[in-house]
Structure formats: C-alpha cells, structure tokens
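First comes the structure, then the notes that go with it.
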Amino acid sequence: MSGLFGLGIIFCVLVLGISVAVGVWGRRLTRNLADYYVAGRSVDALSNGLAMVSLSLSLTTFLGLTALIWFGFYLAIALYAAFTASFVIMLVVAAPYLRRHKTFTSMDFIGERFYSPRLRIAAVFIMLVVSTLYLIGNVKGIGIVFELLLGIPAIWGVLIGGLVVTFYVTLGGMYGVTYNQTFQSIVLTVAFMVPLMMILKALGFSAWWFPPLGYGAAVPAMIQMTPHYFFPFVVHPAWYIAVFLGSAFGIIGLPHFVMRYFTVRDAKDARWSTVVCVFLVGLINTSAYAMGFAGVYYVARTGVAIAPVDADKLVFILTQALTNNWWLALTVAGALAASLSTVAGLLMIMGTGLVHDLYAVVRPGLSDDRKLTLSIWTMAAVGVACTLLSIRPPQFILVTIMWAFGIAGASLGVPITLGIWWKRATREGAAAAMIVGFLTSFIPYVMIEIQKLSPMVISRFFYGPLGWVKVIAWSVPLSFMAMIVVSWLTKPPPLEARQQVDAMHGWPDYREERYQGKGLPITVIVLCALIMLSVTTLYGVFPK
Amino acid sequence: MSAYRRECWLTAICFILVTVFGGILSVVFVLGKDLFFGPEPVYAAKSHVVGLPTHYVFLLVGSWLIVTAVGVFYAWYMDRLERAVERGEAG
C-alpha cells in the first residue's frame with residue numbers, strides 16, 4: 003500500500019483542492035439569492051448535462067452497483083437499466099416544464115402549483131428524509147475511500163470528506179456545485195473507464211476497448227462457473243415493474259435531481275442536458291456491468307475469497323489485483339469525486355429547502371440578503387449534521403438509496419407529475435398522494451431496514467430476492483389513485499393554479515380545455531390497479 | 071393535428087417506448103422464458119450477440135442507446151414545436 007499511499011494522496015488532494023478552488027470561484031460569481039440557489043439560471047446544456055452525470059453516478063456506481071451484481075447479478079443490471087432510462091422519463095414528463103415554472107426547488111413547485119404553504123412545508127419534511135437516506139450512503143463511501151487509501155478508520159474519511167464538501171458548497175453555492183460537478187464528472191468517467199479497460203484486458207477479453215459489450219468471450223466460462231448469472235426469472239415479474247416505477251418517479255421526486263433543471267437557461271437546455279446525461283450515464287452504467295462481471299468472473303476463476311462485507315470494495319480489489327497502483331490511485335480519486343458531487347447536490351437542496359421553503363414560509367417578508375446569509379449558515383450546519391449522522395452508516399450503500407428512490411417517487415414524484423399534466427389536480431389530492439405515498443413506503447422501510455423484519459411480515463407477496471422492492475409496486479400506484487380520486491372529489495383548483503399548467507407547457511395563452519381530459523386520469527387509475535394486482539398474481543411460481 | 075395534441079401524443083409515445091425498453095423488457099424475458107432459454111435445469115441461452123445472451127444485449131442496448139435515441143428525437147421535435155408555438159403557427 004505504500005506506493006498507493008503517495009499516489010493516492012496526490013490524486014485525492016488534487017480532487018479536493020480543485021473542488022475547494024472552484025467553490026471559491028463560485029463565491030465570486032454569486033451576487034444574489036438566485037445566483038446562490040440556481041446559479042442565476044445561467045447554466046448551459048452541456049455543463050448541466052455533465053453536472054447531472056456526476057450527480058447521478060454517485061458512489062453507488064463505483065461501489066454499490068458492483069456489490070449488488072455480486073449478490074444479485076441480473077437483478078442489479080435490470081435495476082440500473084431502469085435508472086438509466088428514467089432520465090428520459092424525467093425528460094418527457096417533467097424537466098422542461100419544471101424549468102418554465104420559475105421556482106427554485108421541488109418543494110417550492112408543490113407549494114405554488116397546489117396553492118398551499120402547508121404542502122410546501124410537508125414536502126420539505128419528505129425531502130429531508132429522502133435526502134438523508136441518499137446522503138448517508140454516499141458519505142459512507144467517502145469513508146471507504148479513505149480507509150483504503152490511508153489504512154485509517156473510515157470515520158476519519160467521513161469527517162474529512164464531509165467537512166470539505168460542506169465547505170465548498172457553503173462557499174460557492176450553486177455556481178460552485180455546478181462547475182465542481184462538471185469537473186468531477188470528467189474525473190470519474192476517466193477514472194472508471196480507463197482502469198476498467200485495463201482490467202478487461204488483463205482478464206484476456208479481446209474487446210476490452212469497448213467495456214459495455216467487451217466481455218462476451220468469457221460468457222461460456224462464466225456460465226459454467228455461475229450458471230444463473232444471466233437469469234431474469236429469479237424474481238416475480240412485478241419486481242421489474244416496481245423497480246421501473248421507483249426509478250422513473252423516484253428521479254422526479256428526488257429534489258436534488260430536479261434542482262439541476264432550475265439552473266439552466268431555458269426549457270431547451272433542460273431537454274438537451276438530459277440527453278447528454280442519459281448517454282453518458284448509460285455508457286458508464288453498461289460499463290459498470292462489465293466491472294461486476296469481471297469481479298464475479300475473477301473470483302470464480304481464481305478462487306480468491308472476498309468477504310460479503312467487502313463487496314462494496316470490489317472495484318478497488320480488482321483494480322489493485324489486475325492493474326498497478328497508478329490506476330488504483332486514479333480509481334480512488336474518481337470514487338472520491340463521485341461521492342463529493344452527489345453529497346454536494348444533496349447538501350445544496352437540504353440547505354435551500356430549509357431556508358427558502360421552510361423558514362421563509364414560516365417567517366414571510368424575509369429579505370433576500372437575510373435569506374442568503376441564513377442559507378450559508380444552514381448549509382454549513384446541515385453538512386456538519388449529516389457528516390456526524392454518517393458515522394454509523396447502513397451496511398450496503400445501494401439498498402438505502404433504493405429506498406430513497408421508492409419513498410421519493412411515491413410521495414413527491416406523483417404530485418409533481420400530475421401537477422404538470424393534469425389541471426384538475428387539487429391541493430387536497432396532492433396532500434392525499436403525499437400522505438399515502440409516504441406512509442406506504444416509509445413504514446415498510448422502518449419495518450424492514452430498522453426493525454430488521456422480513457418483508458413477508460408486511461405481505462406474503464414480498465417474497466424472493468430483494469422482495470421488499472415490490473413495496474414500490476403498491477406505494478406509487480396507491481399514491482396516484484389517492485391523488486386522482488381525492489382531486490375529483492374536491493373543489494377544482496383556482497384559475498391561477500390552472501394557468502400555471504398552460505404556462506409550464508410554454509403556451510402564450512390560456513385555454514381551459516387543455517390538460518383537462520378524463521383520458522389521462524382514467525388510464526392512470528386502470529394501469530395502477532393492474533400493477534397492484536400483478537404483485538399478487540403467479541404467487542408461488544417464482545423463487546422464494 | 072394541433073400543437074397541443076402533438077405534444078400529448080409525442081409524450082405518450084415516448085413514455086411508452088422508454089417504459090418498454092428501460093423498464094418492462096425484463097418482464098417479457100421472464101414471461102417469454104421459452105423464447106430465450108432452453109429447457110431446465112440448464113436454461114441455456116438460445117442465441118447470442120457478440121458473445122452475450124440475446125436478451126441481455128436487448129436490455130443493455132434498449133435501456134441505453136434506444137432510450138437515448140428516444141430522448142434525442144423528443145428534444146429535437148419539441149424544439150421545433152416550441153418554435154412553432156412562439157411564432158403562433160401551431161394552433
């Protein structure tokens with residue numbers, strides 16, 4: 003480790019140093035509240051697309067995905083396939099419309115669209131829950147990086163990394179976060195792709211130069227060693243539907259993803275930045291499958307024992323075994339960059355949400371200067387609090403983040419989607435969706451992850467590998483149904499709220515008949531009922 | 071067709087395409103197991119593309135390249151539609 007120590011320190015200090023420098027630079031660009039929260043809505047499509055890449059490819063890609071492939075093979079790949087595709091769902095359903103809404107955050111959008119400061123506060127509460135779940139997994143990853151690099155306990159990595167990211171987010175606001183994420187995106191792409199090519203080459207794969215499809219030659223040998231590697235039928239079909247629902251509506255519901263769209267210049271930039279993002283995220287995710295394949299193949303071929311608890315470190319173990327310390331140091335720096343970018347995005351939304359969507363609602367009339375000062379201190383406090391919270395992290399990073407997606411999708415993704423596409427969606431309907439979506443996903447989370455109960459205690463249908471994921475196939479549809487039914491039963495929204503829908507879609511005039519039809523809500527209700535029923539069909543046919 | 075209808079239809083079609091290629095393709099592989107796999111207990115893949123099982127390549131290409139292509143088409147078409155609405159030509 004001595005060679006790694008020196009090189010790794012150099013690379014990591016470079017990443018941390020550049021991140022702080024960009025934060026300082028971002029501070030100089032920040033003149034007012036809009037600059038601090040949304041980078042003055044001046045970010046171009048390419049920069050925003052790259053920023054979204056590093057925001058999306060957190061340590062779950064470097065560490066969590068390979069660990070999940072280790073345990074779940076095809077299931078992990080299906081999970082990431084859905085995650086990649088969900089960006090285009092975000093593109094067609096939400097991104098450009100949210101940009102036109104001229105708010106700063108998802109919570110702000112919910113408050114304005116559903117004409118309710120109370121719902122805005124409720125959305126802040128949900129945001130804090132999902133962002134904390136998302137964040138502690140990533141801060142844990144920073145600890146793993148430092149543990150590997152310096153051989154020191156992960157807690158020191160959590161403290162150093164957590165405080166550095168808190169410092170530059172607090173300092174540079176959204177300008178600092180955006181251009182840091184752009185820089186980190188380039189670092190993590192190179193740091194992931196190049197060592198992966200070296201690993202595939204070292205394993206003797208002839209198409210090593212194109213990792214997404216570069217390991218076909220080893221498939222026969224792999225199937226001999228691990229016959230079920232490519233089997234999709236190890237879970238109930240509803241599992242895949244649940245994963246897709248969680249990804250598609252989770253990404254719309256996770257405020258730190260949505261916040262990126264408030265920073266771009268216009269709806270066109272919102273669209274094209276998503277295209278840049280989905281292409282690069284897809285490239286790296288499909289390459290990550292190659293990394294997972296290489297890991298399972300390497301272990302099966304050599305008989306090297308890796309403890310299950312070390313599954314999150316598979317990328318580093320492979321890089322160290324099959325390349326040299328230069329590449330390992332680069333991978334470590336890439337992983338660090340990945341974690342910093344995601345943590346930065348989360349801190350940004352948590353700080354903004356607490357001041358702009360909570361404190362400013364409770365204490366109206368706050369000046370912009372006062373809000374800016376409060377935001378800076380709040381972000382610093384949230385950063386320190388989350389760093390301390392991450393000292394006792396969850397066992398596996400990705401599982402916690404999957405829960406965050408599910409909870410966000412059911413409780414925030416649904417009201418945001420219907421708020422954009424259905425004029426008849428009311429305040430009461432949104433409240434019902436948020437309550438039903440949150441309770442039907444958060445209570446199972448507490449039972450399964452905190453109380454460590456079997457998912458089958460909740461329902462006998464939640465059986466099989468990662469069976470709890472099917473919770474999402476009930477919580478998201480229930481949230482949709484609650485919102486539609488309650489909206490129909492309550493007084494239509496005021497004209498001002500209905501006008502927002504036309505404005506979000508870019509219409510220069512208002513017409514009552516747009517986005518009012520019964521086709522959308524009826525189709526959604528029918529599909530939701532079918533999805534919920536699908537969980538209960540074919541019970542017992544698929545593995546328990 | 072009016073711009074409003076075009077927007078709604080394009081969104082619905084793109085949503086369905088992404089749902090199929092990025093989400094429920096695996097459901098097809100599970101329910102249509104016999105199309106892609108041989109008999110139990112081996113369940114050997116019936117065909118391969120660049121050495122990888124066909125269903126797996128479908129998932130990779132579908133959830134990445136096809137979905138990206140859908141995104142490119144949607145972004146391009148909506149740019150045109152937006153310009154038409156701004157010029158007052160779309161109705």
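First to last, the protein sequences are chains A and B.
If you're matching positions, the first sequence starts at 3 in our numbering and goes up one per residue.
If you're matching positions, the second sequence starts at 71 in our numbering and goes up one per residue.
Beta carbons are placed, not taken as given, at the ideal position from N, Cα and C, and that holds for glycine.
Just to confirm, are A:Ala84 and B:Gly93 a CB contact at a threshold of 8 Å? Start at 1 with the first residue of the first sequence, and residue 84 of chain A comes out as number 82. Start at 1 with the first residue of the second sequence, and residue 93 of chain B comes out as number 23. Contact flag set, yes.
Can you find at least 3 beta carbon pairs, one from the segment 331 to 345 of chain A and one from the segment 142 to 150 of chain A, that sit closer than 8 Å? yes
Out of curiosity, what's the CA-to-CA distance linking A:Thr389 and A:Leu165? Along the first sequence, one-based indexing puts residue 389 of chain A at 387. Along the first sequence, one-based indexing puts residue 165 of chain A at 163. Answer to the nearest angstrom: the Cα atoms are 7 Å apart.
Relative to the alpha-carbon of A:Gly385, which residue among A:Ala362, A:Ser413 and A:Gly347 has its alpha-carbon at the smallest distance? Along the first sequence, read from residue 1 onward, the residue named residue 385 of chain A stands at position 383. When only C-alpha atoms are compared, the closest one is A:Gly347.
If you reduce the DSSP assignment to three classes, tell me which class A:Arg122 lands in. Position 120 of the first sequence, counted from the first residue, corresponds to residue 122 of chain A. Correct three-state label for A:Arg122: helix.
Just tell me which of A:Ala410, A:Arg500, A:Ile393 and A:Phe464 has its CA closest to the CA of A:Gly159. One-based indexing of the first sequence puts residue 159 of chain A at position 157. For A:Gly159, the nearest C-alpha among the options comes from A:Ile393.
Neighbour-count burial assignment, A:Tyr517, 16 or more Cβ in a 10 Å radius: Position 515 of the first sequence, counting from 1, holds the residue named residue 517 of chain A. A:Tyr517 is buried by the Cβ-count criterion.
Whole-angstrom distance between A:Thr321 and A:Met3, CA atom to CA atom: For the purposes of this step, residue 3 of chain A is taken as residue 1 along the first sequence, with counting starting at 1. For the purposes of this step, residue 321 of chain A is taken as residue 319 along the first sequence, with counting starting at 1. Reliability of the predicted coordinates at A:Met3 is poor, the pLDDT of 49 falling under 50, and the value obtained from them is presented with this limitation in mind. In a straight line, the C-alpha of A:Met3 is about 13 Å away from that of A:Thr321.
Could you say which of A:Glu514, A:Leu497 and A:Val478 lies nearest to A:Val526 if we only look at CA atoms? On the first sequence, residue 526 of chain A is found 524 positions in, with the first residue counted as 1. Looking at the Cα atoms, A:Val478 is the closest of the given residues.
B:Met71 touches chain A at which residues, Cβ-Cβ below 7 Å? Along the second sequence, read from residue 1 onward, the residue named residue 71 of chain B stands at position 1. Correct list: empty, because the minimum Cβ distance to chain A is about 14 Å.
In the DSSP assignment, find the alpha helix (DSSP H) that holds A:Tyr38 and state where it starts and stops. As a position in the first sequence, residue 38 of chain A is number 36, starting the count at 1. Its alpha helix (DSSP H) spans residues Leu35 to Val40.
A:Asn34 classed as buried or exposed, judged by whether at least 16 other C-beta atoms fall within 10 angstroms: As a working note, residue 34 of chain A is residue 32 in the first sequence. By the neighbour-count rule (16 or more Cβ atoms within 10 Å), A:Asn34 is not buried but exposed.
Any 3 or more C-beta pairs closer than 8 Å across the segment 205 to 222 of chain A and the segment 62 to 71 of chain A: no
Within 9 Å of chain A by C-beta, residues of the segment 147 to 161 of chain B in sequence order: Met148, Asp149, Leu151, Glu152, Val155, Glu156 and Gly158
Does any residue of chain B have a CB that is nearer than 8 Å to the CB of A:Lys425? Locating residue 425 of chain A in the first sequence gives position 423, where the first residue counts as 1. Taking Cβ atoms only, chain B never reaches closer than 8 Å to A:Lys425, which makes this a no.
Neighbour flag for A:Leu202 against chain B, beta carbons, 8 Å: Mapped onto the first sequence, residue 202 of chain A falls at position 200. A:Leu202 does not count as touching chain B.
Could you spell out the range, first to last residue, of the alpha helix (DSSP H) harbouring A:Gln453? Stepping through the first sequence from its first residue, residue 453 of chain A is reached at position 451. Where A:Gln453 is concerned, there is no enclosing alpha helix (DSSP H), given that its DSSP letter is neither H nor E.
Note down, in chain order, all residues in the segment 244 to 265 of chain A with a beta-carbon under 9 Å from any beta-carbon belonging to chain B. Val245, Phe246, Leu247, Ser249 and Ala250
Out of A:Leu9, A:Thr184 and A:Ser133, point me to the one whose CA is closest to A:Pro257's CA. The residue labelled residue 257 of chain A in the question sits at position 255 within the first sequence. Of the candidates A:Leu9, A:Thr184 and A:Ser133, the one whose C-alpha sits nearest the C-alpha of A:Pro257 is A:Ser133.
Considering only the beta carbon of each residue, do A:Thr184 and A:Ala53 sit closer than 8 Å? Indexing the first sequence from 1 puts residue 184 of chain A at position 182. Indexing the first sequence from 1 puts residue 53 of chain A at position 51. Yes.
Proximal residues to B:Val119 (C-beta, below 7 Å), its chain only, five neighbours per side dropped: For the purposes of this step, residue 119 of chain B is identified with residue 49 of the second sequence, where counting begins at 1. Correct list, in chain order: Val127.
Here's a check: name, in chain order, each residue in its chain whose Cβ is nearer than 6 Å to the Cβ of A:Asn287, leaving out the five neighbours to either side. The residue given as residue 287 of chain A occupies position 285 in the first sequence. The residues are Tyr82 and Thr86.
Shorter than 8 Å from the beta carbon of A:Trp470 to some beta carbon of chain B? Walking along the first sequence from the start, residue 470 of chain A turns up at place 468. For A:Trp470, the answer is no, since every Cβ of chain B falls outside 8 Å of its Cβ.
Three-state secondary structure assigned by DSSP to A:Val306: In the first sequence, counting from the first residue as 1, residue 306 of chain A sits at position 304. Here A:Val306 sits in coil by DSSP.
Can you list the residues of chain B that A:Pro239 reaches, using a CB-CB cut of under 7 Å? Locating residue 239 of chain A in the first sequence gives position 237, where the first residue counts as 1. Neighbours of A:Pro239 on chain B, chain order: Val97, Val100 and Leu101.
At least 3 beta-carbon pairs within less than 8 Å: the segment 430 to 447 of chain A vs the segment 408 to 421 of chain A: yes
Run through chain B and tell me which residues come within less than 9 Å of A:Lys270, C-beta to C-beta. Here the question's residue 270 of chain A lines up with position 268 in the first sequence. Within 9 Å Cβ-Cβ: Ala145, Met148, Asp149 and Glu152.
Starting from the beta carbon of B:Phe85, find every residue of chain A whose beta carbon is closer than 8 Å, and list them in chain order. Locating residue 85 of chain B in the second sequence gives position 15, where the first residue counts as 1. By Cβ distance, chain A contributes Ile91, Val94 and Val95.
Measure the CB-CB distance between A:Ala69 and A:Leu400 and report whether it falls below 8 Å. What you label residue 69 of chain A is simply residue 67 of the first sequence in a count that begins at 1. What you label residue 400 of chain A is simply residue 398 of the first sequence in a count that begins at 1. Yes, these two residues count as a Cβ contact at 8 Å.
Reducing DSSP to helix, strand and coil, say where A:Ala59 ends up. Taking the first sequence and counting its residues from 1, the one referred to as residue 59 of chain A is at position 57. In the sequence under discussion, the amino acid at residue 59 of chain A is Leu, which differs from the Ala named in the question. In this structure, A:Leu59 counts as coil in the three-state DSSP scheme.
B:Gly141 vs B:Phe91 beta-carbon contact at 8 Å: Here residue 141 of chain B refers to the residue found at position 71 when the second sequence is read from its first residue. Here residue 91 of chain B refers to the residue found at position 21 when the second sequence is read from its first residue. Contact flag unset, no.
Using 10 angstroms around the beta-carbon of A:His358, count the other beta-carbons present and answer buried if the total reaches 16, otherwise exposed. Residue 358 of chain A sits at position 356 when you count from the first residue of the first sequence. When all chains shown are included, A:His358 counts as buried.
Return the residues of the segment 176 to 192 of chain A that lie within a Cβ-Cβ distance of less than 8 Å from chain B, sorted by chain order. none
DSSP three-state call for A:His103: helix, strand or coil? Here residue 103 of chain A is taken as the residue at index 101 of the first sequence, counted from 1. Of the three classes helix, strand and coil, the one that applies to A:His103 here is coil, per DSSP.
Below 7 Å on C-beta distance, what does A:Val280 contact in chain B? Along the first sequence, one-based indexing puts residue 280 of chain A at 278. Those are Val137, Thr138 and Gly141, listed as they occur along chain B.
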